[in-house]
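Undergrad: Dropping a structure here in structure tokens format, bear with me for questions.
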Amino acid sequence: MSDEEDERYDDEVPQQVADLASASVPLNLKTIRACKRCGLLKTQGQFYDEGCENCPFLEMTDNMERVNSCTTAFFEGTAAVMDPGESWAAKWIRVDNYLPGVYAITVTGQLDRDVEEDLENRGIRWRCRPSNSA
Ligand SMILES: [Zn+2]
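Residue numbers (my numbering): 1140 to 1273.
Right, dumping it as structure tokens:
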């Protein structure tokens, strides 16, 4: 008995994500990555082409090495945020100061040490999204 499972997944983005066409929307869910600092979700190619809108100082544009070290494929959950200042979801995942887009709810991993050092050397005040209990 052949029990061939047809694993055909729908590649289309959810409607609420499609509605965000003007915001930063991942174009291809297979190569999607999350910015390690803010959790913005985009494809590797989008990070390479545009960098991260929230974290321009990470200088990912045209730098695939930087894209790979500043983003991660390990994240859980997604939340489309259209109006970060007004959205309870944005506040809940702490992106209410960020730009509209699709965000990971949790991101695994942190910036590489050499990236951190680079930012510190340049005097850039950055903070990863998860709140460090102060
Ligand atoms: Zn970012």
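Ideal placement from N, C-alpha and C gives every residue a C-beta, glycine not left out.
1. Taking Cβ to Cβ, would you say Val1234 is nearer than 8 Å to Cys1177?
2. So Phe1186 and Thr1211 are supposed to be a Cβ contact under 8 Å. How far apart are they, rounded?
3. Check Glu1198 in the structure and name its three-state DSSP category.
4. Assuming Ile1244 and Glu1225 are in contact, meaning their beta carbons sit under 8 Å apart, how far apart are those beta carbons, in whole angstroms?
5. So, under 8 Å CB-CB, Thr1182 and Thr1170 are touching, yes? Tell me the CB distance rounded to an integer number of Å.
6. Quick one: Cα of Cys1191 to Cα of Leu1197, how far?
7. Please indicate yes or no: does the CB of Asn1236 lie closer than 7 Å to some heavy atom of ligand 1?
8. Quick one: using the 10 Å Cβ neighbour count with 16 as the cut-off for buried, is Asn1236 buried or exposed?
TA: Judging by the given coordinates:
1. yes
2. So it is not a contact: roughly 11 Å between Cβ atoms.
3. coil
4. That belief does not hold up - the Cβ atoms of Ile1244 and Glu1225 are roughly 18 Å apart, past 8 Å.
5. 5 Å
6. 8 Å
7. no
8. exposed
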